[in-house]
Every structure is written in structure tokens, then in C-alpha cells.
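Peer 1: Numbers 1 to 354, taken from the working numbering, label the letters of the sequence shown in order.
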Amino acid sequence: MDLDQFLATHRAGWTRLAELTRRAGKARGRRRPWRRTASMSPKASMPLDAVAIDELVRLYQRASADLSYARTYYRDPALNARLTMLVADAQAVIHGARTSDIRDLAHFFSASFPGAVWHLRRFLVVAAALTFVPAMAFGAWISVSGRAREAAAPEEYRAAYLAEDFEDYYSSKPAEQFSTEVFVNNAQVGFMAFGAGIAVCVPTVFVLVNNGLNLGFAAGLFTAAGKAPKFWGLILPHGLLELTAVVIAGAAGLALGWSIIAPGDRRRSEALAEEGRRSVVLVLGLIAVFLVAGLIEGFVTGQPWPTALRVGIGATVWVAFCAYIVIQGGAAARAGFTGTLDELDDLGLQVSSR
1 MDLDQFLATH
11 RAGWTRLAEL
21 TRRAGKARGR
31 RRPWRRTASM
41 SPKASMPLDA
51 VAIDELVRLY
61 QRASADLSYA
71 RTYYRDPALN
81 ARLTMLVADA
91 QAVIHGARTS
101 DIRDLAHFFS
111 ASFPGAVWHL
121 RRFLVVAAAL
131 TFVPAMAFGA
141 WISVSGRARE
151 AAAPEEYRAA
161 YLAEDFEDYY
171 SSKPAEQFST
181 EVFVNNAQVG
191 FMAFGAGIAV
201 CVPTVFVLVN
211 NGLNLGFAAG
221 LFTAAGKAPK
231 FWGLILPHGL
241 LELTAVVIAG
251 AAGLALGWSI
261 IAPGDRRRSE
271 ALAEEGRRSV
281 VLVLGLIAVF
291 LVAGLIEGFV
301 TGQPWPTALR
311 VGIGATVWVA
321 FCAYIVIQGG
331 AAARAGFTGT
341 LDELDDLGLQ
351 VSSR
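Structural data, given as C-alpha cells:
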């Protein structure tokens, strides 16, 4: 049967299973149905009579079969993720599984966040192109054209920037204070790129291109002055991870805007709501990424260490992050996760979307 027939045939059973699972969870006074002590028996913890318990077990078995069928015959990540969560909830109630906040947090970083980033990989390519193509083109122009440099900034500004301002920026304040300020600034840029996506992508495109032009201007200026090694030695330690995080935020903004422009077979409100739920997961994860980038910028970039050591530290962290996204994100996708907030909520992580 096609997907629409499959949904029409089984949706009522899934809804009933979700209802019974929620009722079982409420009896324990806890938000998630699987948070229980090992000594509690299913019947003791469920506000369900014997008939309802039997129905719960039967619907759980049917939903498990539906999940297996959907994974085999339908390439619909959202459907697979919803069924995965539904079956996991019911299984936890029936078999008395339990979780902890630490395990919830571990699942967030092992599946939810990388799964959300992996789901946006096509938008990541676009966001990266919007950042680095202008950066390379503008940087090359600035590096070879005196007129371009004169048009971009006054000579006094360029001279000060090359002589002191750029390098002093990384060592003018205590590392702890500088790291905090950098984290806040980077987060603002990233979340501006993300939040602007609601206006059908246009502001997000502007933020990404502008960020690329700023990078290209600085790189071109230092290259023209014969100081490219100095520039890259101060940018790469933290910039690899920082720029990657900004690109991810921009990709989330583009996906948000694109859900309005081209919602596919969903209503625009449904498409926007789904991307919004995924965006919450991305925001939570990117806070951690920007924090790490800020720590590197505050405690590594400005240190009087060999350039190779500073760049090596930043490159190692960046490679580890990319490998983490590819490996864990791919695994999450194969398991049916797309990184939306409802998946995160179903795993018991207490978050607020305020």
C-alpha cells in the first residue's frame, strides 16, 4: 500500500496507543512514562484496568510491526521517528524501563543534536557556499587590488588593523573575560543567522554573505601586506569551529525559511512547526559549540605558543566535531531520528521553548 493508505489504516491505533501510554505515565506523577522504580509492577503503576493493559500490549506489538514495515518500505524520516518514539514509550511502560537525566543528556548529544545537523546537510552546503564563496572572491580581490582596498576602508584604519588592532584583540583582556565576551558575540551572530530565516531566507542570506565578506576582507588585507601566516595563525585555532557553528545556524535559518517557500506535501504551518521544533534542538546544541569555540579563542588563540600548536589544537577539535556529526548524525538518521523537539521531549529531556 502507498504511504497515505498506510497512515489512514494505522493512525487510529497509534493515537490510541499514545493515549494509553500517557495515562500510564500520569499515574506515577512524572512527565515521562518510563521514569519509574524497578520495584513497581506495570499494573501497580498504571491507571488502567486489565482490559486496557491488554489493549496497550496489543497496540504496542502492532506499532512495532508498523515501525518495521515503515522502515522497510517508506523513506519518511519523520514517520519513522514518530513511530520509534511511540514504540519506545510503550515499551518502557510495559517493561519498566527507566532513564535518568544523564542518559537523557547523553541521548541529546549522541542522537538528537547530530541528527538535526545531519538532517540539514543540504542546507549546510548552501550556507557554506554563501559564506565561503564571497570570502574567497572578495579576499582574492582585496589582496591584489589597491583600489579595492582603498574602497573597502580608509588607509588609517587598514594600517592600524594590520599593525596592532587585529593581534591585540586576542590578548588585550584576561582570558576568562575575553572568552565570555567572544561566546556571547558569536552566539548572537549565529542566532541572528538562524532567527532571520523566518523572513523567507533573505536576511539569513545577508548575514552569511556579510560574514564571508568580513572574513575575505581581513584575509585579503593581511595577504596583500605579506602577513597571511600571522592572520591565519590567529583565525584558524578558533575559527574552524566557530565558522562551522555559524554555518550550521545559517543552515537552520535557511531550512526555516524554505519551509515557508516550499513546504512540500505539508501545509506551510506544519512544515514551519516541524522546522521550528528542530531549530530548538539546534540552538541548544550550538550553545555548547559556541562555548567551546569561545574557550579556544580565549585560552588558545592569543597564547604566545608556536603557531603550529595553536592551529593544531583548533584543527583537532574541528575534525573531532565533524567526525562526530557525520558518525552520530548518520546513525541517528538510520534509526529514524531527525532531531526535532518532540523527539527530544519524548526522551525526557526537560527543555523550554520560551
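Note that CB positions come from ideal geometry on N, CA and C, so glycine has one too.
Apart from the five residues just before and just after Val317, which ones in its own chain have a Cβ nearer than 8 Å to its Cβ?
Peer 2: Hits under 8 Å: Leu240, Leu241, Val292, Ile296.
Peer 1: Tell me the rounded alpha-carbon separation between Ala252 and Asp54.
Peer 2: Their Cα atoms are separated by approximately 43 Å.
Peer 1: Measure from the alpha carbon of Ser64 to the alpha carbon of each residue in Asp104, Asn186, Gln91, Arg278, then state which is nearest.
Peer 2: With distances taken between Cα atoms, Ser64 lies closest to Gln91.
Peer 1: What do you get for Pro229, buried or exposed, if any count of 16 or more other CB atoms within 10 angstroms of its CB means buried?
Peer 2: With fewer than 16 other Cβ atoms within 10 Å, it is exposed.
Peer 1: Please confirm if the segment 208-224 is in contact with the segment 143-163, defined as three or more CB-CB distances below 8 Å between the two stretches.
Peer 2: Enough Cβ pairs lie closer than 8 Å, so yes.
Peer 1: Taking all protein chains shown into account, decide if Gly139 is buried (16 or more other Cβ within 10 angstroms of its Cβ) or exposed.
Peer 2: Classification for Gly139: buried.
Peer 1: With H, G and I counted as helix, E and B as strand and the rest as coil, what does DSSP make of Thr338?
Peer 2: If DSSP states are grouped into helix, strand and coil, Thr338 belongs with coil.
Peer 1: Going straight from the alpha carbon of Val300 to that of Ile235, what length do you get?
Peer 2: Each residue's Cα considered, the two are about 11 Å apart.
Peer 1: Can you tell me the Cα-Cα spacing of Tyr60 and Glu181, whole angstroms?
Peer 2: One C-alpha to the other measures close to 50 Å.
Peer 1: Which residue marks the beginning of the alpha helix (DSSP H) containing Ala128, and which one marks its end?
Peer 2: That run of the alpha helix (DSSP H) goes 121-144.
Peer 1: For Arg62, report the span of its alpha helix (DSSP H) as first-last.
Peer 2: From DSSP, the alpha helix (DSSP H) with Arg62 extends over 50-73.
Peer 1: Could you tell me the alpha carbon to alpha carbon distance between Ile327 and Ala153, rounded to whole angstroms?
Peer 2: If you take the alpha carbons of Ile327 and Ala153, they lie about 43 Å apart.
Peer 1: Helix, strand or coil for Pro77 per DSSP?
Peer 2: Helix, per DSSP.
Peer 1: In the DSSP assignment, find the alpha helix (DSSP H) that holds Glu274 and state where it starts and stops.
Peer 2: Run containing Glu274: 268-296, per the alpha helix (DSSP H) assignment.
Peer 1: According to DSSP, is Cys322 helix, strand or coil?
Peer 2: Reduced to three states, the DSSP call for Cys322 is helix.
Peer 1: Within 10 angstroms of the Cβ of Asp168, are there 16 or more other Cβ atoms? Answer buried if so, exposed if not.
Peer 2: Label assigned to Asp168: exposed.
Peer 1: Identify whether Lys227 lies in helix, strand or coil by the three-state DSSP scheme.
Peer 2: In the structure shown, Lys227 sits in coil (DSSP, three-state: anything other than H, G, I, E or B).
Peer 1: Have a look at Ser68, Ala225, Arg23 and flag the residue whose alpha-carbon is nearest the alpha-carbon of Asp49.
Peer 2: Comparing Cα positions, the closest option is Arg23.
Peer 1: Are there 16 or more other CB atoms within 10 angstroms of the CB of Cys322, so buried, or fewer, so exposed?
Peer 2: By the neighbour-count rule (16 or more Cβ atoms within 10 Å), Cys322 is not buried but exposed.
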